[in-house]
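Asks:
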Amino acid sequence: MTDMFKTILATSVAAASLAVVAVPAQAANGNISCDVGAPIAGAEDMISQELTAMGYDVDGVEEWNNCVRAFVVKADGSLGMVFFEPGSLKLLGAA
C-alpha cells in the first residue's frame, strides 16, 4: 500500500468512526424514521458494499422504521448501529 492510500484509508475510518457516534441520543429515542422509500429486501449485499466503500466496517444491514440500519464495527471493536436514508444512503444518525 502506498503511504497516500494508507492516509486516505485511515482518514476514512476515522470519519466513519465519528459518524457512528455522532447522534446516539436521536437513534436511541427512536426519532429516526424515513418516508417509505426504496425497499432494501434483496439489496442488503449491495448496500453493505456501498457502505464499505464509504468507509464503514459493515457487519450487517436491515430495514428499520423504513430506514437502512447498518450494524458496524467501531474503531474500538464494539458493534454500533448507523441509520441511513434508503436509496441515497444519506447518514441519518447513529447509536
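As numbered in mature numbering (1 follows the signal peptide of the UniProt record, and there is no 0), residues -27 to -1, 1 to 68 make up the sequence shown, in order. Just so you know, even glycine gets a beta-carbon here, dropped at the ideal spot from N, CA and C.
For residue 36, which three-state DSSP category applies?
Replies: It is a strand residue.
Asks: For residue 54, does the three-state DSSP call read helix, strand or coil?
Replies: Looking at residue 54 - three-state DSSP - the assignment turns out to be strand.
Asks: Could you tell me which of 28, 27, 33 sits nearest to residue 13, measuring between CA atoms?
Replies: Selected option, being the one with the closest Cα: 33.
Asks: What did DSSP end up calling residue 26 once you bin it into helix, strand or coil?
Replies: Helix.
Asks: In chain order, what residues of the same chain lie with their CB nearer than 6 Å to the CB of residue 17, ignoring the 5 residues before and after it?
Replies: Result list for residue 17: 34, in chain order.
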